[in-house]
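All residue numbers for the sequence shown refer to this note's numbering, where the first residue is 525 and numbers rise by one.
Glycine is no exception: its CB is placed at the ideal position from the N, C-alpha and C atoms.
Down below is the structure, laid out as structure tokens.
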Amino acid sequence: MKPNTHPHIRAKSIEIFYGTGGVGKTTIATSRAVFLATQKVRVLLITIDPAHRLKDILHLSSTHSGKIETIDGAFFGQPSIYFDALLMSPPATFQRIINDENRQEIVKNRLLKILSRPSSGMNEILSLIELEFQFRSNDYDAIVLDTPPGKHFLDFLEASKKITTFFDSAFVEIFTLLGKRTGQIKQMSILSSVISSGVNKLLNYLGKVTGESFVHEFAESLFTVYKNRDYFLNALKFGQKLNDPNFSNWYLVTSADQQKVAEALAIQSSLGSIVHADNFLIINKSLKKQLQTWKAEGELIAIKNVLLQREESLYNISQYGQSKTLSFSSINEQLPEKQVAHLINEWPPL
């Protein structure tokens with residue numbers, strides 16, 4: 525297979541793959557990671573998709589979640605290279621950022637356990653924290669990010685806004701009052717005298733309904749997050765860098781299906797200015813190359829032309845998104861590692 529015709533796609537610090545479900549996004553992201561590794565780039569492949577489709581491709585189990593695993597390229601027909609992979613684990617990320625000598629006791633907190641579940645609203649924030657942490661380690665030249673499908677990816681992009689909202693003045697107000705009630709904070713300057721009566725009434729009500737132990741755990745949860753706020757604030761700054769064209773590559777992955785392309789472009793249009801102009805639309809499972817080399821005869825010529833026109837119409841649709849378009853051939857392989865091995869060769873040179 526010949527690579528795409530683009531002269532090159534420069535490897536950048538963060539390479540983000542997103543799109544709808546069922547289009548081969550994780551497989552394409554994996555092929556990018558392996559390709560970069562063949563070019564002597566130090567690569568980390570991260571999936572923040574709770575479904576962890578990546579573990580099936582890499583033959584990992586759930587016990588590997590939250591741990592850096594070194595993957596042998598021989599698995600994909602590249603015996604001389606290695607790259608790292610990480611299955612995102614919100615509890616593991618949360619436990620690492622807790623900077624406290626009583627870490628194990630804090631992790632047992634019921635509310636913190638709920639917050640660190642993959643289905644919680646904190647999942648996207650913790651994913652951004654994990655991404656920033658791995659980038660700051662300086663262990664990698666490029667981090668390839670496999671994201672959740674569809675609207676769940678948009679939730680990840682909203683993580684920065686969630687962090688800003690979380691650490692607003694209302695949070696400080698609640699934190700101040702809870703600190704006084706639980707004895708965790710001896711003094712919080714003049715803020716202690718201006719706590720709103722509404723917050724006070726709410727906490728009194730919670731104490732009566734759920735018991736003081738719940739209020740204590742609630743306070744401990746907020747106190748733990750606030751004490752480790754630098755991780756959250758660093759992630760906020762990092763999230764803002766993702767819009768820098770010199771820092772990131774964005775790949776919107778779809779398949780050679782008119783409906784899928786339309787769905788993908790709908791996602792792209794909803795992103796607005798979040799994605800910078802230097803981005804790529806990947807049409808996966810394309811038959812264009814096979815059709816161009818097909819020596820059809822007789823009535824089959826008409827069928828070939830219809831199929832070619834259909835493929836061309838997909839590219840015309842993609843132009844509305846103002847993206848550079850890449851096509852990846854349909855692979856007649858059942859095993860995902862075999863699919864990845866073929867797709868490696870279709871990436872343009874760096």
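Segment contact: the region 850 to 867 against the region 546 to 564, three or more CB-CB distances shorter than 8 Å; contact assigned.
Counting the other Cβ atoms within 10 Å of the Cβ of P769 gives fewer than 16, which makes it exposed. Look at G545 here: in three-state DSSP terms it is coil, with no helix or strand label. Under a 10 Å Cβ-count criterion, K812 is classified as buried, with 16 or more other Cβ atoms of the shown protein chains found around its own Cβ.
For N647, there is no enclosing beta strand (DSSP E); the enclosing alpha helix (DSSP H) has its first and last residue at 647 to 660. For L831 and G822, the gap between their C-alpha atoms comes out near 15 Å.
Proximity of the region 561 to 571 to the region 653 to 664 meets the contact definition, three or more beta-carbon pairs being nearer than 8 Å.
Shortest Cα-Cα distance from L776 to any of K848, W818, A759, Q814 involves K848. Inter-residue distance for T748 and L650 is about 14 Å (C-alpha atoms, whole angstroms). H576 and L611 have their C-alpha atoms spaced approximately 7 Å apart.
Membership of T849 in the beta strand (DSSP E) is indicated by the continuous run 848 to 853.
Taking C-beta atoms as the reference points, L669 and I552 fail to come closer than 7 Å. Residue environment for P873: exposed (fewer than 16 other C-beta atoms within 10 angstroms of its C-beta). DSSP places T817 in the uninterrupted alpha helix (DSSP H) bounded by 812 to 817.
The Cβ atoms of G590 and A616 sit closer than 7 Å to each other. Of the residues P673, E836, R620, L678, the one whose Cα lies closest to the Cα of G796 is L678. For Y755, the enclosing alpha helix (DSSP H) stretches over residues 753 to 765. DSSP, reduced to helix, strand and coil, places N770 outside both helices and strands of the structure shown, so it counts as coil. In the structure shown, A826 adopts helical secondary structure according to DSSP, grouped into three states. Excluding its 5 nearest sequence neighbours in each direction, S555 has C-beta neighbours in its own chain below 6 Å: V864, L867, I868, listed in chain order. Beta-bridge analysis with DSSP links N856 to no other residue. In the DSSP assignment, I868 forms no beta bridge with any residue.
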